[in-house]
Amino acid sequence: MELIDRIKWVLSLKKRARQTPGFRSSLSSYASPDVTFGENVRLWGGTKLTNASVGRFTYFAGTKASNITVGAFCSIGPGTRLGGMGDHPISMLSTHPVFYSTLEQCGESFADRDHFNEYKRTAIGNDVWIGANVVVLDGVTIGNGAIVAAGAIVTKDVPAYAIVGGVPAKVLKHRFAEADIERLEQLQWWNAPVEQLRECAALVRNGNIDGLEKKLGAPARESNPHASAPVPAVSGY
Ligand SMILES: CC(C)(COP(=O)(O)OP(=O)(O)OC[C@H]1O[C@@H](n2cnc3c(N)ncnc32)[C@H](O)[C@@H]1OP(=O)(O)O)[C@@H](O)C(=O)NCCC(=O)NCCS
1 MELIDRIKWV LSLKKRARQT PGFRSSLSSY ASPDVTFGEN VRLWGGTKLT NASVGRFTYF
61 AGTKASNITV GAFCSIGPGT RLGGMGDHPI SMLSTHPVFY STLEQCGESF ADRDHFNEYK
121 RTAIGNDVWI GANVVVLDGV TIGNGAIVAA GAIVTKDVPA YAIVGGVPAK VLKHRFAEAD
181 IERLEQLQWW NAPVEQLREC AALVRNGNID GLEKKLGAPA RESNPHASAP VPAVSGY
């Protein structure tokens, strides 16, 4: 990153904090001007985000993420790398971009146009916990409520409320019964107004879905105009 970008970022922090209530970033973090944040987002030391949209109450503890949509209430652990790495085709005679890309990675291109999508967008749902030192490859979608165990390399889409781990990541288990996962997906509590969620904290801690449904009523998305965009449903591994 250019020094000038970093200086612009540090100078923009106060404005960002004014425009987005609760937003805070460490001085050692960086986000490009095209990154959008919801309320109460936190960028802890060494986080770097480019071309990203981040939902409210999500925090990054030293993450590199690019070309990505991250939902609300996500906890992203240290040393993680989420998307934006770039992909190469494996079916052509060479994987070198000089033959299929106009980006001129080495100062030249032998291609008339782009013949391959090098940067597929990555999507992380809401209430996702990603442990330390995880890599999520480009184009992967991680469902709501999923957990990615420390050290995993995620190469495929992850279903909602699954716990995945290992290299390559596999489903270790599912957090809740299928019917409860369906109810949580319908409820979309992460879109409810903050004051309502504050009142629901004990219900969340105690795993009381009945109580949560009663308190939040219809899918919470309808009551909040700032709701996160839905993450596409993901079928199993
Ligand atoms: C996944 C995790 C949440 C544990 O979940 P859990 O349900 O309590 O898991 P368990 O300890 O019961 O283990 C379940 C299985 O997953 C395996 N497993 C646990 N963590 C794993 C990991 N990081 N990678 C691969 N497999 C893992 C266990 O060995 C066990 O396998 P087995 O059933 O064959 O014996 C935890 O291991 C983890 O990775 N936490 C992230 C911690 C972290 O990075 N914190 C940083 C701050 S954000």
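For the sequence shown, UniProt numbering gives the first residue as 1, with consecutive numbering after it.
Glycine included, each C-beta is placed from N, C-alpha and C at the ideal position.
No experiment lies behind these values; they were computed from the predicted model shown.
Separation of Y119 from D87, as counted between CA atoms: Counted from its first residue, the sequence shown places residue 87 at position 87. Counted from its first residue, the sequence shown places residue 119 at position 119. Straight-line Cα distance between these residues: approximately 6 Å.
Answer with buried or exposed for C106, where buried requires no fewer than 16 other C-beta atoms within 10 angstroms of its C-beta. Numbered from its first residue, the sequence shown carries residue 106 at position 106. Exposed.
Scan the stretch 65 to 90 and note each continuous beta strand (DSSP E) run of 3 residues or more that stays entirely inside, going in chain order. 80 to 82
Integer-rounded CB distance, given that P159 should sit under 8 Å from G143: Position 143 of the sequence shown, counting from 1, holds the residue named residue 143. Position 159 of the sequence shown, counting from 1, holds the residue named residue 159. The pair is a contact, with the Cβ atoms about 5 Å apart (cut-off 8 Å).
Within the stretch 147 to 205, ranges of the alpha helix (DSSP H) (whole runs, at least 4 residues): Listed in chain order, the alpha helix (DSSP H) elements of length 4 or more contained wholly in the stretch 147 to 205 are 178 to 187, 194 to 199 and 201 to 205.
Same chain, Cβ closer than 7 Å to K64, five either side skipped, listed in chain order: Within the sequence shown, residue 64 is the residue found at index 64, counting from 1. Closer than 7 Å at Cβ, skipping near neighbours: K48 and R81.
Measuring CB to CB, does A192 end up less than 8 Å from L216? Taking the first residue of the sequence shown as position 1, residue 192 is located at position 192. Taking the first residue of the sequence shown as position 1, residue 216 is located at position 216. For A192 and L216, yes; Cβs fall inside 8 Å.
CB V164 to CB A150, shorter than 8 Å? As a working note, residue 164 is residue 164 in the sequence shown. As a working note, residue 150 is residue 150 in the sequence shown. Result no, Cβ atoms of V164 and A150 do not sit closer than 8 Å.
Residue 282: buried (16+ other C-beta within 10 angstroms of its C-beta) or exposed? A query on residue 282 cannot be resolved here, the shown segment of the chain reaching from 1 to 237 and no further.
In the DSSP assignment, find the unbroken beta strand (DSSP E) run with S53 in it and report its ends. Residue numbering aside, residue 53 sits at position 53 when the sequence shown is read from its first letter. Its beta strand (DSSP E) spans residues K48 to V54.
Over what stretch of residues does the alpha helix (DSSP H) that includes R16 continue unbroken? The count along the sequence shown starts at 1 and reaches residue 16 at position 16. Looking at the DSSP string, the run of the alpha helix (DSSP H) that includes R16 is L3 to Q19.
Which class does L43 belong to by DSSP, given the choice of helix, strand or coil? As a position in the sequence shown, residue 43 is number 43, starting the count at 1. Looking at L43 - three-state DSSP - the assignment turns out to be strand.
Would the C-beta of G131 count as close to ligand 1, meaning under 7 Å from any of its heavy atoms? Numbered from 1 along the sequence shown, position 131 holds the residue referred to as residue 131. Flag set: Cβ of G131 near ligand 1.
Over what stretch of residues does the beta strand (DSSP E) that includes A61 continue unbroken? The residue labelled residue 61 in the question sits at position 61 within the sequence shown. Residues Y59 to A61.
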